[in-house]
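Numbering (the numbering used here), first residue to last: 1 to 143.
Contents: one structure, followed by commentary.
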Amino acid sequence: MAKILVIHGPNLNLLGTREQPLYGKTTLKAINQELSRLAKNNSIECIQTNSELEIINTIHDAKKRKIDAIIINPAAFSHTSIAIRDAFLAVQIPFYEVHLTNIFARETYRHNSYLSDLSIGIVCGFGPQGYYAALNAALEKFS
Ligand code: DQA
């Protein structure tokens with residue numbers, strides 16, 4: 001049985017209404033429900049926060065809780081946060097990076113992520129399917 005933690009970063013609580021042509025109509029609640037269904041008998045916890053501090057503390061805590069893998073959409077913090085990068089370096093928990101949109105087809109300031117080179121894999125541009133693909137990969141590797 002794998003212990004998976006899903007972290008949704010800032011503004012992702014607004015999925016379903018936020019910039020619909022870009023992010024689609026699926027709500028975060030619906031994504032989390034599907035993740036829980038796909039996880040079957042594995043342990044999965046999904047959290048969303050708009051706070052960089054809370055993301056860092058959650059990553060630190062994941063070490064103590066013996067989380068096997070993290071799936072994270074760091075949202076805008078991907079492009080700014082050396083602190084979240086350092087948290088992953090500190091705990092050495094394997095993680096997958098997910099973006100709903102293709103960040104490389106958007107503004108140039110979104111092309112760099114401070115996390116991607118540390119991740120097992122990055123999936124972007126597939127909408128909610130990206131989360132499900134990351135979960136399937138994590139379950140195959142860690143359960
Ligand atoms: C995002 C892409 C980021 O650039 C943006 O700041 C987000 C969402 C995505 O899922 O496509 O908030 O991470």
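Glycine residues also receive a C-beta, built at the ideal position from the N, C-alpha and C atoms.
Is the segment 122-136 touching the segment 95-112 in the sense that three or more CB pairs, one from each, lie closer than 8 angstroms?
Segments in contact, yes.
Indicate the three-state DSSP secondary structure (helix, strand or coil) for A90 in the structure shown.
The answer is helix: DSSP assigns A90 an H, G or I state.
For S51, does the count of other Cβ atoms within 10 angstroms reach 16, so buried, or fall short, so exposed?
Burial call: exposed.
Would you identify the three-state DSSP class for G121, choosing helix, strand or coil?
Strand at G121.
DSSP puts H99 in a beta bridge; with which residues?
H99 pairs with C124.
On a Cα-Cα basis, can you pick out the residue from L22, H79, L35 and L115 that is closest to I4?
Selected option, being the one with the closest Cα: L35.
Mind pulling the alpha helix (DSSP H) runs of 4 or more residues that sit fully within the segment 9-46?
Runs of the alpha helix (DSSP H) inside the segment 9-46: 20-23 and 28-39.
With a cut-off of 8 angstroms on the beta carbons, I'd call N73 and G9 a contact; round off their distance for me.
Contact holds; Cβ gap of about 6 angstroms.
Note down the Cα distance separating L53 from A83, rounded to an integer number of angstroms.
If you take the alpha carbons of L53 and A83, they lie about 9 angstroms apart.
From the DSSP secondary-structure annotation, give me the bridge partner or partners of Q129.
Its beta-bridge partners do not exist; DSSP assigns none.
If you follow the beta strand (DSSP E) that A69 is part of, which residue opens it and which one closes it?
Its beta strand (DSSP E) spans residues A69 to N73.
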